[in-house]
Structure formats: C-alpha cells, structure tokens
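Take a look at the structure below.
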Amino acid sequence: MDIDLRSDTVSKPSLGMREAMAAAPVGDDCYGDDPTVNALEARVAALLGKPAAVFVPSGTMANQLAVNTHTRPGEVVACVAEAHVQVHEAGAAARLSGAQVESLGTRRGFEAPDLECRIREESCGWPRVALTWIENTLGLAGGLVWPLDSIHAIAEVASLHGRKIHIDGARLWNAHVASGVAMAEYACAVDSVSVCFSKGLGCPVGSMLVGEGDFIARARDSRHAFGGALRQAGVLAAAAMYGLDHNLPRLGEDHTRAHRLWVGLRDLACWRAVEPQTNVLMLELDEGQDAEASCRPLRDVGVLCYPNKYDEIRLVVHLGIDDDAIDDAIARIRATLG
Numbered sequence: 003m004d005i006d007l008r009s010d011t012v013s014k015p016s017l018g019m020r021e022a023m024a025a026a027p028v029g030d031d032c033y034g035d036d037p038t039v040n041a042l043e044a045r046v047a048a049l050l051g052k053p054a055a056v057f058v059p060s061g062t063m064a065n066q067l068a069v070n071t072h073t074r075p076g077e078v079v080a081c082v083a084e085a086h087v088q089v090h091e092a093g094a095a096a097r098l099s100g101a102q103v104e105s106l107g108t109r110r111g112f113e114a115p116d117l118e119c120r121i122r123e124e125s126c127g128w129p130r131v132a133l134t135w136i137e138n139t140l141g142l143a144g145g146l147v148w149p150l151d152s153i154h155a156i157a158e159v160a161s162l163h164g165r166k167i168h169i170d171g172a173r174l175w176n177a178h179v180a181s182g183v184a185m186a187e188y189a190c191a192v193d194s195v196s197v198c199f200s201k202g203l204g205c206p207v208g209s210m211l212v213g214e215g216d217f218i219a220r221a222r223d224s225r226h227a228f229g230g231a232l233r234q235a236g237v238l239a240a241a242a243m244y245g246l247d248h249n250l251p252r253l254g255e256d257h258t259r260a261h262r263l264w265v266g267l268r269d270l271a272c273w274r275a276v277e278p279q280t281n282v283l284m285l286e287l288d289e290g291q292d293a294e295a296s297c298r299p300l301r302d303v304g305v306l307c308y309p310n311k312y313d314e315i316r317l318v319v320h321l322g323i324d325d326d327a328i329d330d331a332i333a334r335i336r337a338t339l340g
C-alpha cells in the first residue's frame, strides 16, 4: 500500500464527513440563502475575531481576493521569499490584479525593520507597498510557525504607514495547535486572513477569507468575477464544519508523527533533516543535487513524495497517516536510500 506524504491536501473525507455532507441543508449561496454556508462563515469569522467571512473553493482564490481587494494595479504585495502567493499561485497577483509580489527577508520570515526599510525606499521612486503578507505556517520553509510578537510588530509598522496586512493562514490551524496561540490572537493585528479546510482538516475542497464587513462585501463581488460564485455549497461547508469539530482537535497527532519521522530519518547521510515544528518535514540535499533523483526510487517503493525545491524534499503528515504508516515509511526510506 502506498504511503502518501506529498501534501496534507491528499487526505480523503472520512465516512463521518461524507455523511455530514449528504445530510447538509442547502440553498443557493449566490443569493446568500445556503444555511450551512452561512453558519460556517459566521463560525469561522467568530473563531478569528472578525465581523465577516466569505466561503470560496480554494486557498488561492481566497488569497487572490485579498490581493485584489487590498491593492490597485502597480502596487506591491510584500511577502517572505518563496511565499505561496509568490511561487505557487501561477502569477495570479499580476494576472488578475496587476499587483507586483516582492520578497522581504528570507523564506523563514521577515521583521518589522525590513518592512520599514522597504517603505522608506518609496521616497526614491520605488512602487508603493499596499499589502504586507504574512504566511503562517511558512510552507516552503518547512511548516515553521511565524511568532505572534513578530506579527504584531510588523502590523504596527504597516498601520503606522496606512498599509494593509494579510495572513495567508492555509495552515494557521497548525500554527494555533503548535503554539497554543488562539486563532483570533493571530488575526486581531491584521486586516484579513485566509484559512484552508482541505489542509489539515481533511475536507475535499474549500477555503475562507475573513475580515471587516465592507472588505468582505467587496471580496464577495470579486469572487463572482473570479468564477467562484457558488450554488448549493452547503454540502462542502458541511465538510468544513465536520473538520472543525473532529479534525482540528487532532492536529497535534500529525505534528508528533512528523517529529517521529524526523527522528527515524535524521541520521541518513543523503540529506540534512530539519526538525519539524508542525506537520512538515524538510530534507535538504547538497546544493544543486536533484531531489527528484531521490524521490523517484521512493515512489517506486510506495512512499509518495516530490521535491519541495530542486534540492529539497518535503514530507507532509496528515490524518491519513497513522503510527504504522510512519514506521513503514521510515523502513522503506532507509532501505531505499540508506
């Protein structure tokens, strides 16, 4: 049997989730009368301490609605190097909103002085930073948690200069569980947050954008323009409700298993295994070494994985991976590459 460690998006809805989806009361969400969608939007908005929310099909759409609503063409989205919005959204900020995406710091984050210095360059003709972008957890950096005090310090600089700030919280659930910081504590300092139900919570589809009421109203209008207007979406919202009830509380198990995977692989000479904070294990190869050359034989023995970058491998633990699968994965990897 294959052990799928490509991403936490590969998990499948459980029988209980499917039953909840089948039983969901539905309406036409485009008219605002799907009761399950409305209940989910209210629940997630309250969880993050914001007045309003809009349900969308994907995390990329949630992020791009934030870009589109917060910026004007030619303005800058300032994010960490290798942020999801920069490298994994098909250049959508430029294609859909005419916004530039610019790196600050490293892929492990940036700090308030980095943003202050970048805004200062606008006096020399640099394009205006309209939107500061936080990603929590940091995906390409191995699921690192962006510390709350750093977010608040960055938010103070953004607010001082009248700039908006957004959290791409595709795995904010993991940051919350790993740090013990309430979701609303992360969200209170920023203007908008996106969260993803198909990462960690085991849902087949769905994300959400939260923020102030007028912001969400404008984002909802753009959702229609982007092709994200939904009809009887309660069947999807019910999956998210189930995920919040049943799968959010168990995320710590994924973090523990990712750590066990690290312990089992860290001594192999073929890579440098970075101790995980959450559910993502990063395996760094020597610079310029093709990670696909290591992934290919692993896939041949049923450990499904892909390069994170050209010379890195990423293994992601999710609710479809139990203790036996971790032990089996370690054994197969060691036998193949050890």
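The sequence shown: position 93 = 95 (our numbering), numbered continuously.
We put the beta carbon where it would ideally sit given N, CA and C, even for glycine.
Annotation: the segment 163-220 contains the following complete segments of the beta strand (DSSP E) (minimum length 3 residues), in chain order: 166-171, 194-198 and 209-213.
Between A80 and T134, the C-beta spacing is below 8 Å. In this structure, the straight-line span from the alpha carbon of L263 to that of D247 is close to 27 Å.
Just so you know, the alpha carbons of L203 and G245 end up roughly 5 Å apart.
For S16, the three-state secondary structure derived from DSSP is coil. Collapsing the DSSP output to three states places I323 in coil. Leaving aside the five residues that flank A96 on each side, the residues in its chain whose CB is nearer than 8 Å to its CB run, in chain order, Q102 and V103. L174 and G100 have their C-alpha atoms some 27 Å from each other. Membership of C81 in the beta strand (DSSP E) is indicated by the continuous run V78 to V82.
Contact annotation: the segment 49-66 touches the segment 223-239, with at least three C-beta pairs closer than 8 Å. For T258, there is no enclosing beta strand (DSSP E); the residue is part of the alpha helix (DSSP H) that begins and ends at L253 to L267. Scanning the segment 118-149 from its first residue to its last, the whole beta strand (DSSP E) runs of 3-plus residues come out as 131-137.
If the five residues before and after P53 are omitted, its C-beta is found closer than 7 Å to the C-beta atoms of A47, E214 and G215, all from its own chain and listed in chain order. Taking every protein chain shown into account, the CB of P278 has 16 or more other CB atoms within 10 angstroms, so this residue is buried.
Our two residues, N70 and C272, have alpha carbons roughly 43 Å apart in a direct line. In this structure, the beta-carbon distance from A177 to V147 falls below 8 Å. Check the Cα spacing between A186 and each of L49, E137 and P309: the tightest is with L49. Under the DSSP assignment, R110 falls outside any alpha helix (DSSP H); it carries neither an H nor an E label. Here the alpha carbons of A85 and R8 stand approximately 18 Å from one another. A54 has G213 as its beta-bridge partners, per DSSP.
Within the segment 269-312, the complete beta strand (DSSP E) segments of 3 residues or longer fall at 274-276, 282-286 and 308-311, listed in chain order. Apart from sequence neighbours up to five positions away, the residues of its chain that approach A327 with a beta-carbon distance below 7 Å are I5, ordered along the chain. Residue environment for A44: exposed (fewer than 16 other C-beta atoms within 10 angstroms of its C-beta).
For R316, the enclosing beta strand (DSSP E) begins and ends at E314 to V318.
Inclusion of R252 and L321 in the CB contact set at 8 Å is warranted, their separation being smaller than that value. Straight across, the Cα-Cα distance linking A94 with L250 is about 30 Å.
The three-state reading of DSSP puts S224 in helix, counting H, G and I together. With a threshold of 16 other beta carbon atoms within 10 Å, C198 meets it and is buried. The segment 23-73 contains, as complete alpha helix (DSSP H) runs of 4+ residues, the segments 37-49 and 61-72 (chain order). The three-state reading of DSSP puts Q88 in helix, counting H, G and I together.
Below 8 Å, enough C-beta pairs join the segment 233-242 and the segment 22-35 to call them touching: three or more.
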